[in-house]
Structure formats: C-alpha cells, structure tokens
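Numbering (our numbering), first residue to last: 279 to 595. Here a beta-carbon is modelled for each residue, glycine too, at the ideal position from N, C-alpha and C. Here's the structure, in structure tokens; my notes come after.
Written out as structure tokens, the structure reads:
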C-alpha cells in the first residue's frame with residue numbers, strides 16, 4: 279500500500295527529508311546500534327523489574343511502539359504536489375510510523391482546505407489546492423508594484439505627464455477626480471492641447487530615439503507613449519510571469535488567468551494582464567511627474583498636491 283502525503287509546492291523539501299530519514303535508518307551500522315541499544319534497554323527493564331519488584335508496562339509499550347514503528351516495518355509514500363501534479367514523487371522504504379503520521383496529518387489538512395474552499399466558493403484559479411496560499415494577493419501586489427522597465431519609455435512617460443497632463447488638470451481641462459478614479463489611466467492621460475509640447479525618446483513606431491529627445495505636441499507625445507508601451511509589453515509581461523511563477527512555484531501558464539481573476543474577485547475590476555501593467559505604470563509615472571515638477575519649480579510635492587487639490591475645488595465650484 280502506498281500512503282499519500284499532500285503538499286502545496288513543498289514536494290522537493292518533503293522528498294529530501296523522507297530520503298534522508300530512509301538513508302539514516304537504512305544503514306547497517308545504524309541498525310546494529312539500534313539493536314544493541316534495544317538489547318541494553320531490555321536488560322535494563324528486566325533488571326529494574328527483578329530488583330525493584332515494579333513492573334512499568336508503559337515502558338515496554340513505548341519501546342515496542344518506537345521499535346516497531348520506526349525501525350522494522352517500511353512503507354511506500356507518494357508525495358503529491360497539488361500545485362504541480364506532474365511533480366508527484368514516490369519514496370520507498372520509509373519507516374512506517376513516519377509514513378502513517380505524514381499521511382494522516384496531511385490528509386486532515388487537505389480535507390479542511392477543500393472544505394473551506396467549497397464553503398467560500400472561490401474561483402478555481404484562486405483556490406489553495408490549485409495555486410497555493412494567498413497567491414491572488416501576491417499577484418495583485420506584484421501588479422501594483424510594476425513600473426515601466428525600459429528607461430526610454432519610463433522617462434518619456436513622466437515628462438509627458440508633467441508637460442501635458444498636469445497642466446490640463448491645473449487649467450481645468452481634466453478633472454482631478456476623473457484621473458484619481460479612472461480604471462484606465464493611460465486613456466485618461468490622453469491630451470490634445472494644440473499649444474503644449476513635450477520631450478520624448480520614443481520614435482513614432484515605439485522604438486528608442488538615440489541621442490537628444492524630440493520635441494513633439496502633446497497629441498503626438500501621447501501617441502508615441504502608447505506605441506512605446508505596446509512595443510515593450512511582450513517582454514515586460516514575460517519577465518513578470520517568470521518572476522511571479524518563480525516566487526510562488528506556479529506553472530507560467532497559470533499566471534495570466536490568476537492575475538485576471540484576482541483583480542476581478544479582490545478589486546472588482548474587469549481587466550487584462552496588459553491593462554494591469556499599464557495601469558500600475560501610469561500610477562508610478564504620475565508620482566514621478568509630480569516629483570519632477572516639484573523639483574523644477576523649486577517647491578515640494580506637498581505644495582504641488584495642495585495646488586492640485588485647489589484646482590479640483592475650483593472645478594467643483
């Protein structure tokens with residue numbers, strides 16, 4: 279009979295422990311030592327009974343359980359990884375008591391996990407048995423921390439927001455509240471003001487401009503920013519997938535649905551992986567633009583935030 283031990287991403291560690299115990303208890307020298315200690319223990323027990331006239335049955339029971347449980351019978355153990363079903367491994371010759379205990383404790387934990395997931399009706403992409411502990415929270419947090427990885431796009435984005443978007447907010451063309459509550463900041467940052475310009479390192483096709491940046495209108499700057507983001511998206515998303523999959527022990531093919539369903543379930547936002555990265559990128563670029571504007575104007579970010587709040591108040595009144 280093969281006893282099952284259930285795990286969620288820890289198959290390599292458990293297999294290493296079981297193999298270590300197996301090798302330790304399977305060595306001839308170690309078994310000889312165990313037998314010698316068993317004989318000495320039995321002689322001590324007999325001597326204690328003969329000379330003290332006290333018979334402690336518990337000593338004999340503990341000795342029997344330990345010897346028969348750890349050193350005599352052996353069982354085969356299958357370590358099942360629910361996160362990576364293809365990584366299931368079987369360890370033969372494991373001490374019976376260790377195999378029994380591991381099987382029973384993991385079966386109870388796996389059963390409770392399954393019961394809780396049924397009670398809370400979690401989507402299949404977010405279940406502990408499928409993706410591990412709090413993976414959806416890690417996916418959302420990882421998405422919110424993402425910034426534009428290519429410097430030429432990141433620098434152009436912060437300049438565009440500083441030169442175009444912030445001034446649209448200050449003159450009332452854009453409402454601050456609309457930007458702060460927008461589920462698509464990239465679309466909310468679109469500016470077509472005819473007399474405002476920005477510097478960009480992004481060419482019309484989305485590639486990098488070598489050398490000095492080009493001065494373009496805000497309308498053209500937005501078009502190039504969008505092209506630049508679309509150009510770097512595939513490699514950007516690939517790095518994100520590898521990072522999250524490696525950190526959480528996931529199959530890379532699981533990351534796309536996990537991110538999408540996590541945002542839908544936890545943040546009530548219907549989105550795509552591309553929208554997740556672009557939204558986070560625009561949030562960080564907006565912060566960088568405010569800091570850059572504060573440095574250039576000789577004020578601090580707190581004063582600039584007050585200015586934006588005043589602009590919002592004037593728009594309402």
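DSSP, read as helix, strand or coil, puts residue 284 in strand.
Here residue 559 is buried, its C-beta having at least 16 other C-beta atoms within 10 Å. If you check the CB distance, residue 537 and residue 435 do not come in under 9 Å.
A check of alpha carbon separations from residue 514 across 425, 318 and 287 identifies 425 as the nearest. Selection 353, 316 and 445 evaluated against residue 280 yields 353 as nearest (Cα-Cα).
A Cβ-Cβ distance of about 17 Å is found for the pair residue 470 and residue 448, leaving them out of contact under the 8 Å criterion. With distances taken between CA atoms, residue 486 lies nearest to 508 out of 365, 283 and 508. Ranked by Cα distance from residue 356, the options 329, 292 and 510 are led by 292. Measuring C-alpha to C-alpha distances from residue 389 to each of 568, 285 and 506 identifies 285 as the nearest. Counting every other CB atom within 10 Å of its CB across the protein chains shown gives residue 518 a total of 16 or more, marking it as buried. Counting C-beta atoms within 10 angstroms of its own C-beta, residue 432 has 16 or more neighbours from the protein chains shown and is therefore classed as buried.
The DSSP-derived three-state label of residue 489 is coil. Between residue 480 and residue 430, the C-beta spacing is below 9 Å. Per DSSP, the beta bridge partners of residue 480 are 486. The beta carbons of residue 404 and residue 543 sit closer together than 9 Å. If you draw a straight line from the Cα of residue 394 to the Cα of residue 427, it is about 39 Å long. Here residue 566 is buried, its C-beta having at least 16 other C-beta atoms within 10 Å.
C-alpha of residue 319 to C-alpha of residue 340: approximately 12 Å in a straight line. For residue 556, no pairing in a beta bridge is given by DSSP. For residue 556, the closest alpha carbon among the candidates 505, 522 and 575 is that of 505.
DSSP lists 495 as the beta-bridge partner residues of residue 475. In terms of Cβ geometry, residue 373 and residue 299 form a close pair [threshold 9 Å]. Using a 10 angstroms sphere on the CB of residue 335, the tally of other CB atoms stays under 16, which defines it as exposed.
Taking a C-beta distance under 9 Å as the contact criterion, residue 561 and residue 415 do not qualify as a contact pair. Cβ-Cβ distances below 6 Å link residue 358 to 282, 284 and 366 in the same chain, with the five nearest sequence neighbours on each side left out; the list follows chain order.
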